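Throughout, this note's numbering is defined as the position within the sequence shown, counted from one, plus 671. Even glycine gets a Cβ: it sits at the ideal position worked out from N, Cα and C. Quick caveat: nothing in here was measured; it's all calculated off a predicted structure. A short write-up of the structure that comes next.
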Amino acid sequence: MSIFQNARFFTTVNHLKDLPPTRAEIAFVGRSNAGKSSAINTLANHVRLAYVSKTPGRTQHINFFTLDKTEECYLVDLPGYGYAEVPEAVRAHWVQLLGRYLQTRQSLIGLLMIMDVRHPLKDLDRQMLDFFRDTGKPVHILLSKADKLSRQEQNKSLAAVKQALADYPGVSVQLFSSLKKQGVETVEGVVGAWLAP
Ligand code: GDP
């Protein structure tokens, strides 16, 4: 059975001091509208799982989902970045919360980054990769909404992103579609390897 299968909403956090103690976390990041919530729902095979992360007032927070019944492993839905209309005070809080989480969270073992296959590697995506590189932890990129492109165009985008990130050790890339459930097994394989003792 998929390692994502028993995911359940656990808690919402708005301050680092409130982060729950956990052993292992896999975090999702991505530009707003990249398809992050859809990807979480698709991986967990649960149509409304990430709905909570979309609730007004919670989009700028960190949402935790338990990944298995033993509650030893968590999915963490980080706030989407790149919203056009976010008040400066909210943005500043977000930058601090997200930045400090990514750089200091010991139980974070890897990052799943969602990028629209048609618009990959925007400035904020690159900043995020640069920012996270120092941790030495792996990043796996999902080029989402792959169904919007032909096979040939998908592969072209994949090759371009791989080439652009050749200097980033620990970064891997794949095609993904929530609509077509494309690439689900590959993500499971990557995350399974991260979680393997
Ligand atoms: P988030 O803001 O990153 O959480 O993005 P959402 O998951 O809410 O998706 C943003 C929009 O893209 C929504 O209209 C989704 O229906 C659409 N979308 C997400 N994933 C896919 C996909 O795999 N294929 C297609 N065609 N549309 C998608």
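Sequence-distant Cβ neighbours of Phe803 in its own chain, meaning closer than 7 Å and more than five residues away, are Leu773, Leu782, Val810. In the three-state reduction of the DSSP assignment, Thr806 falls in the coil class, being assigned neither a helical nor a strand state. Excluding residues up to 5 positions away in sequence, Ser708, Ile711, Asn712, Asp748 lie with their Cβ nearer than 7 Å to the Cβ of Ala721 in the same chain. Taking 7 Å as the cut-off, the Cβ atoms of Val855 and Leu820 do not count as close. Around the CB of Gly770, fewer than 16 other CB atoms lie within 10 Å, so the residue is classed as exposed. Under the three-state reduction of DSSP, Val757 is assigned to coil, being neither helix nor strand. In this structure, Ala715 has its CB at a distance of at least 6 Å from all heavy atoms of the ligand GDP. DSSP places Ser848 within a strand segment (E or B) once states are collapsed to three. DSSP lists Ala698, Phe735 as the beta-bridge partner residues of Val747. Apart from the 5 residues on each side of it in sequence, Pro750 sits with its Cβ closer than 8 Å to the Cβ of Thr730, Gln731, His732, Ile733, Trp765, Leu768, Leu769 in its chain, given in chain order. Residues Leu792 of the same chain have their beta carbon placed closer than 7 Å to that of Ala835, with the five preceding and five following residues left out of the count.
The DSSP-derived three-state label of Arg679 is strand.
Counting along the chain, Leu779 sits inside the beta strand (DSSP E) bounded by residues 779–787. At least one heavy atom of the ligand GDP falls within 6 Å of the beta-carbon of Asn704. The beta carbon of Thr682 lies closer than 8 Å to those of Pro691, Asn734, Phe735 in the same chain, with the five residues before and after it left out. Not one heavy atom of the ligand GDP falls within 6 Å of the beta-carbon of Leu792.
Rounded to the nearest angstrom, the gap between the Cα atoms of Val761 and Ala817 is 32 Å.
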